[in-house]
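*Asks:* Last residue of the sequence shown: 223 (UniProt numbering), numbering continuous.
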Amino acid sequence: MAHLVDDCVVGEWGPWTDCQGNCGTEEQNRSREVVQQPSGPNAIPCPALIETKKCQRVECTCEEPMHWDSCANACPYTCDHVRETSLNECIMDSDCKPGCRCPTDMLLEFGECVPAHQCSCYPPSEDQHSTTPVPIASSTETPVFTNKSSMMKPGEVIRIGCQECTCVAGNLVCNIMESCLTTTTTSEYQYGFKMAKAHLGNNMRFLSCIVRALSKIRRISSS
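(1) Report yes or no: do the region 75-85 and the region 25-44 share at least 3 C-beta pairs separated by less than 8 Å?
(2) Is D105 helix, strand or coil when you go by DSSP?
(3) Which one of N29, T104 and M92 has the shortest CA to CA distance from I50?
(4) Starting from E69, trace the beta strand (DSSP E) both ways and give me its first and last residue.
(5) How would you write the range of the beta strand (DSSP E) that T52 sits in, first residue to last?
(6) In chain order, what residues of the same chain have a beta carbon less than 8 Å from the beta carbon of E33, not counting five sequence neighbours either side?
(7) Could you give the first and the last residue of the continuous beta strand (DSSP E) run that contains V114?
(8) Just list the residues that DSSP pairs R159 with in beta bridges.
(9) What residues in its chain sit with their C-beta under 6 Å from that of P154, if we drop five residues either side in the sequence?
(10) Who does I176 pair with in a DSSP beta bridge?
(11) How many angstroms separate the CA atom of R57 from the CA atom of P45?
(12) Identify the continuous beta strand (DSSP E) that holds S31 and give its terminal residues.
(13) Just the C-alpha distance for residue 225 and S70, rounded to the nearest angstrom, thanks.
(14) Going by the DSSP bridge assignment, what does G99 pair with across the sheet?
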């Protein structure tokens, strides 16, 4: 006697639910019901009864001063994207992504929106037990400064050898100290050049100052 086989039968999809969830991660779903349960050997089982898809509300509410932007991933949007020594280059995706972002004249810094000129700077790092400078980052590493206290504040000044460096808009801007032009040897300048390059990478504004200073000190030494 042959066994009867009844495959699963489902009804039509119902309407999509309202868009639900947190801003930027919303979802909506729809469902359908089983009209006939499968029975018998080799019966076709029931397919999925719930379907989910991403959705987007017309506009999300953002905490001030952030605002909703249809292309929140447009570059730059964080202070790290404007730092010359940062390895976190801002590369925009091919498609715009909606979300919350800082106003046009501000950038995101440690979870807060700050004016671009108030971005903090990566501090130079030197091993106190060695005369060899220690770079703040290698080509495969990103500097780890996870809080404000480990960064240089805007306007903060630090001395690196004969260079006086000021934190300006996320980058160190350095100048030769006048007192060094007559009291510092050429070898000390050369060491300062190597240390500066290790700390600051190819910051041409800084390195050009060193080159000019080396030329000047050689003229003073030979006169």
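Beta carbons are placed, not taken as given, at the ideal position from N, Cα and C, and that holds for glycine. Please read these numbers as outputs of a predicted model, since none were measured by experiment.
*Replies:* Taking the definition as stated:
(1) Verdict: no, contact absent.
(2) Reading the sequence shown from its first residue, position 105 is the one you call residue 105. In this structure, DSSP gives D105 a state outside helix and strand, which the three-state scheme calls coil.
(3) One-based indexing of the sequence shown puts residue 50 at position 50. If we check each option's Cα against that of I50, N29 comes out closest.
(4) As a working mapping, residue 69 is identified with position 69 in the sequence shown. It should be pointed out that residue 69 corresponds to Asp in this sequence rather than to Glu. Following the DSSP letters along the chain, one finds D69 inside the beta strand (DSSP E) bounded by residues H67 to D69.
(5) Residue 52 sits at position 52 when you count from the first residue of the sequence shown. Note, T52: beta strand (DSSP E), I50 to K54.
(6) The sequence position of residue 33 within the sequence shown is 33, counting from 1. Here E33 has V10, G11 and L49 as same chain residues with Cβ atoms under 8 Å from its own Cβ, once five neighbours each way along the sequence are excluded.
(7) Position 114 of the sequence shown, counted from the first residue, corresponds to residue 114. Residues E112 to P115.
(8) On the sequence shown, residue 159 is found 159 positions in, with the first residue counted as 1. In the DSSP secondary-structure assignment, R159 is bridged to E164.
(9) Within the sequence shown, the letter at position 154 stands for residue 154. Exclusion of the five residues before and after P154 leaves Q118 and C167 as the residues of its chain whose Cβ lies within less than 6 Å of its Cβ.
(10) Position 176 of the sequence shown, counted from the start, is the residue given in the question as residue 176. According to DSSP, which records beta bridges pairwise, I176 is partnered with Q163.
(11) Mapped onto the sequence shown, residue 57 falls at position 57. Mapped onto the sequence shown, residue 45 falls at position 45. Taking the straight line joining both Cα atoms gives about 36 Å.
(12) Against the sequence shown, residue 31 aligns to sequence position 31. Residue range E27 to S31 is occupied by the beta strand (DSSP E) that includes S31.
(13) Residue 225 is absent from the structure shown; the chain starts at 1 and stops at 223.
(14) The count along the sequence shown starts at 1 and reaches residue 99 at position 99. Partner(s): D69.
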